[in-house]
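Residue numbers (full-length UniProt numbering): 1 to 778.
The beta-carbon is built from N, C-alpha and C at its ideal position, and this holds for glycine as well.
These notes concern the structure reproduced below.
The following block contains the structure:
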């Protein structure tokens with residue numbers, strides 16, 4: 001709900017209020033963002049001013065009490081006394097950079113408008129309302145439009161801004177952020193998510209009492225170095241209690257967030273496109289649209305903030321055929337064969353996958369041109385490698401479809417190898433600086449998506465690939481960070497526009513293909529999670545979370561993603577051991593337990609797998625299909641992290657819950673463990689149970705000799721024979737309990753093995769051990 005009268009503006013969701021007002025001088029003063037309050041005229045929230053602090057710049061002689069440096073503002077620029085992070089910076093035709101935006105008008109729009117050239121949130125039911133506030137620059141006549149869209153059910157407010165050159169001369173934007181938000185206190189905790197390739201989404205906390213904390217990307221993508229999502233919270237906020245604000249950006253390029261504490265202990269958050277190496281020239285009458293920022297508030301801790309974000313992403317970011325559709329279980333050929341495959345070897349792998357219950361076969365890199373390694377042929381999408389695939393894509397797709405599987409394909413449309421037919425024809429289409437050495441990355445260069453001709457060409461090539469009969473899925477990869485920012489299409493004075501123009505070209509390419517092929521499931525990938533953001537999710541319903549498939553590593557990675565992104569948006573695979581990224585060996589049931597808390601897939605050579613592993617995979621897939629809707633679209637709860645991780649997903653009707661428990665390292669002598677639950681119906685009864693599993697006798701080592709009538713040599717012939725036929729029974733958890741008991745007390749599990757004995761009442765829970773538990777409403 002939006003209340004506005006030109007003086008005070010109040011934006012209410014079901015549980016939150018956002019309020020600001022117009023000062024006498026015309027600036028917009030932020031008043032409040034937090035729990036829902038009921039004030040039509042919230043004057044109690046106004047800061048009272050009599051005299052400006054010493055050594056400050058006052059706004060004008062008529063208001064000597066007002067210094068913008070000590071006002072919580074809705075927007076800010078430089079030149080009028082506010083020395084904190086600005087939202088907008090310009091170089092005007094006369095060389096000056098001072099802006100003085102004051103209130104002009106407002107309008108309320110009964111829908112959520114689309115943004116020009118950029119993806120944004122949407123509302124199919126037109127329940128969202130949008131407030132647009134227009135400001136005018138007193139010095140040059142520029143126009144700044146601030147937009148606020150209210151999604152009441154999700155407790156989300158989105159913000160964006162549009163700069164219009166309503167003057168008669170050109171102006172150069174050197175910073176154009178999407179929003180600023182000012183708090184009336186310091187000492188808040190900033191939580192951000194950092195990493196690198198195979199180490200995405202590591203959570204980092206910092207309590208900011210002074211100074212400035214910047215989280216940004218300059219890789220040309222949203223990046224695995226620093227995801228755009230971050231949180232600001234009270235220092236003592238927990239999963240289930242305390243104030244927390246979540247921020248995300250619907251943008252896939254260089255982003256920037258700065259959290260800064262002023263001398264008067266106010267905290268400012270500034271957020272949007274990274275101003276580093278950015279400028280944009282606007283001629284008279286032209287405008288620039290900033291990306292959309294997403295804000296949510298929870299007074300009930302991080303858990304509720306995440307639930308808000310998850311619902312918003314599912315309902316108002318992901319879209320199309322696959323928005324609510326259960327995602328297929330796939331087998332990807334990459335770790336099974338890399339570049340070395342034939343038509344026959346792929347079909348053989350697909351047959352085995354089909355026998356285990358998988359639904360989608362994906363052929364990864366290596367199917368086009370002379371693509372036998374990663375040094376050549378990128379860009380040659382019109383040349384199928386008929387040495388590997390004599391029948392071409394269509395022939396392989398038919399063979400896969402005839403097995404009863406969907407067929408999927410890997411592409412990397414934004415890249416080009418110098419050793420490719422496309423580069424030899426069009427070297428001017430690559431992003432590099434003529435006559436200068438080029439910094440290479442993964443033996444490839446970026447195609448210049450600033451150039452509309454390049455985008456048009458790639459739309460045509462990808463349309464030919466996507467139109468392959470029988471094709472149901474595309475994995476869209478992007479393995480190259482930006483280095484030499486330069487477009488041969490643009491003149492010298494526009495080279496600082498390259499990063500943003502590239503993103504706009506990327507969005508046009510994706511949007512047209514998504515519209516032409518609405519039934520194809522597109523999965524995003526950028527060396528794993530190098531472009532995992534809300535902008536990409538507007539076109540890809542799911543994104544490959546990380547190239548790291550190690551189950552232990554994935555605990556941290558997927559836990560990080562869970563703060564902002566629902567589990568239907570990140571994919572996770574069960575792979576072979578020793579793991580290809582870490583060489584770690586983990587039980588196949590643990591690999592499955594972690595991967596099932598994303599969109600499940602497999603990435604291993606099933607043809608070389610042991611029969612017992614094949615049997616495990618078959619049982620895993622059968623189980624996953626039973627609970628797939630809950631696992632992909634239910635409410636996600638983080639319950640433990642550290643040495644032991646616990647996640648739970650509860651379906652929207654609170655009928656079913658699936659809970660995962662995984663241990664990194666066994667702690668000697670610790671035999672008791674409680675499993676927590678959340679989100680169940682307090683007034684209902686539930687059947688709580690675990691999987692009945694058996695364990696390899698060899699996991700108990702030389703202890704077998706404490707019960708064997710003859711000595712058994714470790715890993716000897718007799719040991720292996722016995723282990724093949726004798727399995728150790730696992731513990732059984734099975735009982736009925738009320739929802740309030742499960743939510744508030746949890747479940748005390750069977751004792752763990754501590755070296756003093758083992759039977760069916762003991763939990764075999766070694767290093768990297770995992771369990772899945774289920775609660776079903778009676």
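query	result
Report all residues from its chain with a CB closer than 6 Å to the CB of residue 3; omit the five preceding and five following residues, and keep chain order.	10
In the DSSP assignment, what residue or residues form a beta bridge with residue 727?	696
Just the Cα atoms here: how many angstroms apart are residue 750 and residue 733?	8 Å
Within the chosen definition, does the region 373-391 reach the region 636-647 through at least 3 CB pairs nearer than 8 Å?	no
Does DSSP classify residue 401 as helix, strand or coil?	helix
Hey, residue 778 and residue 692: beta-carbon distance below 9 Å or not?	no
Whole beta strand (DSSP E) runs in the UniProt domain "Glycosyl hydrolase family 36 C-terminal" (646-773) with 3 or more residues, listed along the chain?	656-663, 685-690, 694-696, 727-729 and 734-738
For a test of the three-state rule: what should DSSP assign to residue 348, helix, strand or coil?	helix
Could you work out which residue in 170, 346 and 268 is closest to residue 282 when comparing CA atoms only?	170
Where residue 521 and residue 472 are concerned, what is the direct C-alpha to C-alpha distance, given to the nearest angstrom?	6 Å
Per the DSSP calculation, residue 408 is bridged to which residue(s)?	362 and 473
When DSSP labels each residue in this structure, what does residue 595 get in the three-state scheme?	helix
Is it buried or exposed, residue 38, if we count other Cβ atoms within 10 angstroms and call 16 or more buried?	exposed
Please report the distance separating the alpha-carbon of residue 30 from that of residue 75.	9 Å
Assuming the contact rule is C-beta atoms closer than 8 Å, residue 479 and residue 412 should be a hit. Round their C-beta distance to whole Å, please.	7 Å
Quick check: what's the CA-CA separation for residue 671 versus residue 761?	12 Å
So, is residue 736 buried or exposed, given that buried needs 16 or more other C-beta atoms within 10 angstroms?	exposed
Just to confirm, is the Cβ distance from residue 310 to residue 112 under 9 Å?	no
What's the gap between the Cα of residue 251 and the Cα of residue 512?	18 Å
Going by C-alpha to C-alpha distance, which of 431, 742 and 394 sits closest to residue 775?	742
With H, G and I counted as helix, E and B as strand and the rest as coil, what does DSSP make of residue 228?	strand
Quick check on DSSP: helix, strand or coil for residue 625?	helix
Which residue from 227, 115, 154 and 431 puts its Cα closest to that of residue 313?	154
When the Cα atoms are used, what is the spatial distance from residue 389 to residue 619?	32 Å
Mind reading off the beta-carbon distance from residue 363 to residue 346? Whole number of angstroms is fine, and I expect it under 8 Å.	6 Å
Could you give the distance in angstroms between the alpha-carbon of residue 590 and the alpha-carbon of residue 770?	5 Å
What number of angstroms, rounded off, separates the C-alpha of residue 236 from the C-alpha of residue 577?	40 Å
Could you tell me the boundaries of the beta strand (DSSP E) in which residue 543 lies?	542-544
How long is the line joining the alpha carbons of residue 563 and residue 303, rounded to whole angstroms?	8 Å
Taking Cβ to Cβ, would you say residue 545 is nearer than 9 Å to residue 579?	no
Have a look at the DSSP bridge pairing and note the partners of residue 143.	136 and 164
Helix or strand or just coil, what does DSSP make of residue 442?	coil
How about the region 273-288 and the region 323-343: do they share at least three Cβ pairs that are nearer than 8 Å?	no
Considering residue 289, what are the terminal residues of the alpha helix (DSSP H) in which it resides?	Segment 287-289 is the beta strand (DSSP E) holding residue 289; no alpha helix (DSSP H) there.
Could you work out which residue in 654, 36, 394 and 225 is closest to residue 216 when comparing CA atoms only?	225
To test your reading of the DSSP string, which unbroken alpha helix (DSSP H) runs of 4 or more residues are found completely within the region 447-492?	452-466
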